[in-house]
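Keeping their order, the protein sequence lines are chains A and B.
Counting in my numbering, the first sequence runs from 64 upward without gaps.
Counting in my numbering, the second sequence runs from 264 upward without gaps.
Beta carbons are placed, not taken as given, at the ideal position from N, Cα and C, and that holds for glycine.
A short write-up of the structure that comes next.
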Amino acid sequence: MGWGTRRSFMKGGALALLGLGSVPRFLVRAAHAEGAAARSKVLIAVFQRGAVDGLTMVVPHGDRDYYGARGSIAVARPVAGNLETTIDLDGFFGLHPAMAPLKPLWDAKQLAIVHACGSPDTTRSHFDAQDYMESGTPGVKTTQDGWLARGLLAEPAGSASPFRAVAMGSQLPRSLRGEIGAVAMGAVADFDVKQDMGRMAGSGTVNARRGFESLYEQGVQDILHGTGRETFDAVKMLKAANPRRFAPEHGAQYPRGKLGDSLKQIAQLIKANVGLEVAFADMGGWDTHANQGNEKGQLALRFAEFSQSLAALSRDLGDRMADVVVLTMSEFGRTVRENGNRGTDHGHATAMLVLGGGVRGGRMVGGWPGLAREQLYEGRDLAVTTDFRHLFAEVAVRHLGVPPTAPLFPGFPTNPAKYPGVLV
Amino acid sequence: MVVKPRTRSLAASLCLLAFTGALGAACSSAPPKSQAAAPAAPQVTPTARASLILPASSLTEEQRIVHVLNRLGYGPRPGDVERVRRMSLAVYMDRQLAPAGIPDDRAQDALLAYPTLAMTVPEVLHAYPEPDPKVLAKIQSGEMSQQEMRQMAPLERRPARIAVELQAAKLTRAVSSERQLQEVMVDFWFNHFNVDARKGAVKWMIADYERTAIRPHALGKFRDLLLATAQHPAMLFYLDNWMSTKADLVVRAGPQKGRQMGLNENYGREIMELHTLGVDGGYTQKDIIEVARAFTGWTIDRPREHGTFLFRAPAHDQGEKRILGHVLVPGGGMADGLRVIDILSRHPSTARFVATKLVRRFVSDEPPPALVDRAARTFRETDGDIRQVMITIVSSPEFFSPEAYRAKIKSPLEIVASSVRALDGELVLPAAAGGRQAGGGFSLAQQVGKLGEPLYQQQPPTGYPDVADAWVNTGALLNRMNFALGLTANHVPGVRVDLGRVVGAADRAQPEKVLDVLLVSVLHGQATPETRRVLVAQLDNPEIIRATADDRGPANTDVEKLAALVLGSPEFQRR
């Protein structure tokens, strides 16, 4: 075995241990999970890639240093009835006006906000910080798997479905890499071997699918064959469940864009009862080094799409939200001071949202470090008061039922006493 | 069809090849000074002698050739292996390392269909202006229909056309260019110095960026490459340096008059993290700010009207800078940035970072440390000569080792281009496809995007990853299978494959014979016994052996589907 196959071997090895020949993997899981109560809890992780400016998303309008530091990019103080000012939440914090679609959820106590949340690591590299947040090991680059994959593996009563963990997109995010066999899909509709519509309609699909399936079923244990087998298990199950028959309900309207598309399809998977436990979606465009705008502008447009997507999901799922938690995250925040180009550079802490029926919502959670110069991290950035790992751990343990002793974050035992308290 | 040397230019190009090749061989073991003295005997005889010395390897000759065609290019076309064997592998590699000497008329002619490729930034800004916002408003208000709009500003005259043509050209080159290594290197460096066509004015600058900043230096000096990207408006815009000024600068005149400007750290960070030293290369947040200060004033002359590089002295921070232990004395002006380019391109961390990335691309997802050491040493000893670093890598025992052979999983670009090449597919040019279209190259680029690698549209500055984990997942694998089915059925618009030609004289009535021809010409005998067994088993399936209308007639192999299974097989996903 040379240097090129370590990870492949791990993956193949795990499959071999499960004793998989050509037996569909979900059937094997089903056998293991026999007797476990049917589960329905779902965690939807939404990654804001590029480092969202938490101070614009959730504005600390009551902080006496906010307006001084922010200059032209500050979001105006709340003025009742004025839709172009900060939407006050608790007299100190408020939502950006473009985040208005989430205000009803705050009022319904389904939305909690953890401000000044982030990583203890000092990096301001997007790549490293995303990697650390998703592997769950700040400062350690050698971690092979993601925190969500580890959480699901450790969960005793996990579902046996190949759709237990699904990422919307053409690449599997770091958070879900590992032995869990997570599925990545660009779109539910594309998740099959395509029918040859030209001729012999009907028979071509079966045939090509069977051919490919046989090719990837062979004995070789490597990353391709392992993934291939998982793929065909998943194709069969999705075909049977047919999630596309579920149209958005309760008048939910998803905005155009990648996040809206992703959440709409995640809702379909939930309704189709395919055994989904963790779904992952992401949205880019947050790296606002220049002209980020204030009440209006570039960043406001991103917030509109972001909040409309989340609000549509909540409306679409209706009562099902009782079993769903949406957790938003971003690799770090942005500088407290406006930079030379009416934008912000890479900073430290940011704000994360927790949304769902079981959330202790309508509350700001975690300490506020303040924005005075001496209160800033390295004299320039919002300091971290809530380590993201405590927040993630609380959601994994209290919502998904991951044992508190599970190695969610290797070398960092989770401690329920430190949970920020976002869930009932 | 690897090289079609024209007699007139043959002697000259061989001369060049022999010269650079000799330098290469001398360089991988000797420091640069002794190179100059190394005699480089020009070869003028038609039979070229290879100057690249290849190591002993336990791979067969065919395996070594297939390996080189897969790593230094986008995979073999029918007949390529034999052609390389005839000219000798070392000669083929020599030529690929000196691409200017390879005649490439066919690909060059095809690229004439994409006029924006050759235009400067001011030219495209003039010829492909943003549609008038007033017109857009009229459409939104319903005063003007989409159809009227299309007549006034046809799609092929919109700025988006520039990236479309660039995407089409990339696939055209990957599929048809004889300068395969050159194209692989351009892809590698573009990804290393990534910019995103969707960010603001970059859409007008991106083709010029690839043509003038990346392509000429792809096998040249790293310092030249770094400088060319640093001064290109596409990079200046993408990483915001064009707006970065000394602290508290107040704009004196122009549309931004009275506006207060200042420092922007974006480029200062990424030039060190992503372009040179690597994230663990030993720099601090203080270095980032100092580098950003050194580059203040490096800007763009009217990004949406003219779009060329400009050093604007009043915006430059004239104070002293301290960068990685070097002191830049006050008043350096534009020379500050040039000094930073020198410091960074010659830093040992840069040699190691670039060597690691190249070895990862060309050898293995987990770069062998000893080879990285040697490649980094070549980088340092040749002042960042990329061609010499490549010679160290591709003539190494590690490159030709069984561990490296077929160890890489193809990226989406690689799977699409190598599939078309394996079937000797032809790309229909835009004119033939009907004017507005961008031809087969663009529809292949769209397939690449669907597989997860939308070309020239990677938002983060990190570019695309270069390891298997990033590309192998359930959805992506399905998309690859579907691409294979579409390609062999001629359902990819603008791309024509003639399976009859691939299969040749094989008797369609004998499916196993057809299969064996496919396995040889597409997989070059690399199919495992299991794969062959599985495919043979498919032949018993009446849908693969498509029965003729008259049931009693002879079997007629469904070559399309069989070829799709071969292209979608695990073996073909590797290179």
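- prompt: Taking only beta-carbon atoms, is B/T508 less than 8 Å away from chain A?
  reply: In terms of beta-carbon proximity, B/T508 lines the interface with chain A, with at least one pair separated by less than 8 Å.
task: For A/Q281, decide whether its Cβ has a neighbour in chain B, counting only Cβ atoms nearer than 8 Å.
output: Chain B, which has a Cβ nearer than 8 Å to the Cβ of A/Q281, makes this yes.
task: Starting from B/T655, follow the alpha helix (DSSP H) in both directions and report where the run begins and ends.
output: Looking at the DSSP string, the run of the alpha helix (DSSP H) that includes B/T655 is 649 to 657.
field: Cβ of A/A303 within 8 Å of any chain B Cβ
entry: no
message: Assuming contact is defined by CB atoms lying nearer than 8 Å, are A/E218 and A/V465 in contact in what I supplied?
response: yes
message: Bridge partners for A/R426 per DSSP, in chain order?
response: Per DSSP, A/A175.
task: Going by CA-CA distance only, name the one from B/K401, B/P378, B/G726 that's closest to B/A426.
output: Checking every option, the nearest Cα to that of B/A426 belongs to B/P378.
Local conformation of A/Q431 per DSSP, three classes: Reading off the sequence, residue 431 of chain A comes out as Trp, not Gln. Of the three classes helix, strand and coil, the one that applies to A/W431 here is coil, per DSSP.
task: Tell me A/A230's beta-bridge partners as DSSP assigns them.
output: A/A247, A/F343
- request: Enumerate in chain order the residues of its own chain whose CB-to-CB distance from A/G202 is below 6 Å, with the five nearest sequence positions on each side excluded.
  value: D184
task: State the beta-bridge partners of B/M524 as determined by DSSP.
output: Beta-bridge pairing links B/M524 to B/L512.
task: Would you give the residue range spanned by the alpha helix (DSSP H) that B/D779 belongs to?
output: 774 to 786
Partners in chain A for B/Q836, counting only beta-carbon separations shorter than 7 Å: Contact note: B/Q836 reaches chain A through L287, using a C-beta cutoff of 7 Å and chain order.
Whole beta strand (DSSP E) elements within the region 348 to 432 of chain A, 3-residue minimum: 387 to 392, 413 to 419, 426 to 428
- request: Quick one: give me the first and last residue of the alpha helix (DSSP H) that A/F190 is part of.
  value: 189 to 198
message: Just to confirm, is the Cβ distance from B/L444 to B/L360 under 8 Å?
response: yes
message: Is there a C-beta anywhere in chain A that falls below 8 Å from the one on B/L714?
response: yes
query: For A/L471, which of A/H462, A/N354, A/F455, A/K481 has the nearest alpha-carbon?
result: A/F455
- request: Following the continuous alpha helix (DSSP H) through B/H455, name the residue where it begins and the one where it ends.
  value: It spans 443 to 455 - the alpha helix (DSSP H) in which B/H455 sits, taken as one unbroken run.
task: Just the chain B side, please: which residues come within less than 8 Å of A/A252 by C-beta, in chain order?
output: Here the premise fails: no neighbours, minimum Cβ distance about 11 Å.
task: For B/V447, decide whether its Cβ has a neighbour in chain A, counting only Cβ atoms nearer than 8 Å.
output: So, not an interface residue.
Nearest candidate by alpha-carbon position, reference A/R117, set A/R423, A/A179, A/D153, A/V105: Contrary to the premise, residue 117 of chain A reads as Gly rather than Arg in this sequence. A/G117 has its Cα closest to that of A/A179, out of A/R423, A/A179, A/D153, A/V105.
- request: Just confirm the distance between the C-beta atoms of A/E368 and A/G320, as a whole number of angstroms; I'd bet it's less than 8 Å.
  value: 5 Å
field: With 16 other Cβ atoms within 10 Å as the buried cut-off, status of B/G841
entry: One cannot answer for residue 841 of chain B here, as it falls past the ends of chain B, which runs 264 to 838.
message: Distance cutoff 8 Å, beta carbons only. Does B/Q914 sit that close to anything in chain A?
response: The requested residue 914 of chain B does not occur in the structure, where chain B is confined to residues 264 to 838.
query: What residues of chain A sit near B/V785, judged by a beta carbon separation below 9 Å?
result: Going along chain A, no residue has its Cβ under 9 Å from B/V785, so there is no contact; the nearest lies around 14 Å.
- request: Name, in chain order, the residues that DSSP records as bridge partners for A/K299.
  value: Under DSSP, A/K299 forms no beta bridge with any residue.
message: Just to confirm before moving on: does the CB-CB distance between B/I586 and B/D550 stay below 8 Å?
response: yes
task: On the DSSP bridge assignment, give the partners of B/R759 in chain order.
output: B/E689
- request: Pick out the complete beta strand (DSSP E) segments inside the region 455 to 481 of chain A, 3 residues or longer, and give them in chain order.
  value: none
field: Status (buried if at least 16 other CB within 10 Å, exposed otherwise) for B/D646
entry: exposed
task: Check the DSSP bridge columns for B/V683 and list the partner residues they point to.
output: DSSP lists no partner for B/V683.
query: Do we get a CB-CB distance below 8 Å when we pair B/A739 with the residues of chain A?
result: yes
field: Straight-line Cα distance separating B/N753 from B/P774
entry: Taking the straight line joining both Cα atoms gives about 21 Å.
field: Between the CA atoms of B/I563 and B/P518 - distance to the nearest angstrom
entry: 15 Å
task: Jot down the residue ranges of each uninterrupted beta strand (DSSP E) in the region 548 to 610 of chain B, minimum 3 residues, whole runs only, in chain order.
output: 561 to 564, 571 to 574, 584 to 586, 589 to 591
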